[in-house]
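A.B. asks:
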Amino acid sequence: MSERPYQPFYKPYGMSDEEYEYEKRIAAEKLEQWEQEQNESNLLDAQVSLQGAGLKTKYRFIHFVEGLKDEWTVWTNKKDEYLGVITFHKKWKEWEFAPENYTGYTKQCLIDLADFIKQLKAPQSN
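Residue 167 is where the sequence shown ends in our numbering, and the numbering goes up by one at each step.
1) Measuring straight from C-alpha to C-alpha, what distance separates P164 and A69?
2) Nearest-angstrom Cα distance between I127 and E78?
3) Who does Y123 pair with in a DSSP beta bridge?
4) Can you tell me the Cα-Cα spacing of T147 and G108, whole angstroms?
5) Look at the alpha carbon of Q149 and the alpha carbon of R101, and state the distance between them as a whole number of angstroms.
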């Protein structure tokens with residue numbers, strides 16, 4: 042985990058108002074970027090599924106985000122692009138992957154998709 046960026050609270054002696062405002066703006070931007078990185082890191086590291094702890098949701102090139110009800114969205118790690126959705130098909134009693142149009146998948150991505158789907162259990166009926 043990286044260290045939180047310094048935030049100037051008081052204007053140093055001899056610094057002009059313009060310089061101080063510039064330093065504050067740069068520091069605020071650095072802090073915002075740092076907080077965003079921390080939030081993203083925490084979300085990916087601490088994803089605990091409603092289906093139970095121990096469910097692997099991050100792979101080398103893709104990751105999975107649990108939706109509201111019986112669905113998982115699939116995203117790329119590098120650019121966080123949407124690849125498709127995994128839903129539970131009640132009639133077949135199986136999970137199925139519906140890819141986004143014009144998306145392509147390498148052998149490794151397909152292996153990771155299959156591995157993730159193998160981990161999923163049938164949702165509990167209400």
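Glycine included, each C-beta is placed from N, C-alpha and C at the ideal position. Remember, it's a predicted structure, so these values are computed and weren't measured experimentally.
C.D. replies: Answer, in terms of the structure:
1) For the purposes of this step, residue 164 is taken as the residue at position 123 of the sequence shown. For the purposes of this step, residue 69 is taken as the residue at position 28 of the sequence shown. Rounded to the nearest whole angstrom, the CA to CA distance from P164 to A69 is 44 Å.
2) Position 86 of the sequence shown, counted from the first residue, corresponds to residue 127. Position 37 of the sequence shown, counted from the first residue, corresponds to residue 78. The C-alpha of E78 is placed about 27 Å away from the C-alpha of I127.
3) Here residue 123 corresponds to residue number 82 of the sequence shown, with the count starting at 1. For Y123, the pairing in a beta bridge is given by DSSP as W116.
4) What you label residue 147 is simply residue 106 of the sequence shown in a count that begins at 1. What you label residue 108 is simply residue 67 of the sequence shown in a count that begins at 1. The straight-line gap from Cα to Cα measures roughly 24 Å.
5) Taking the sequence shown and counting its residues from 1, one reaches residue 149 at position 108. Taking the sequence shown and counting its residues from 1, one reaches residue 101 at position 60. If you take the alpha carbons of Q149 and R101, they lie about 9 Å apart.
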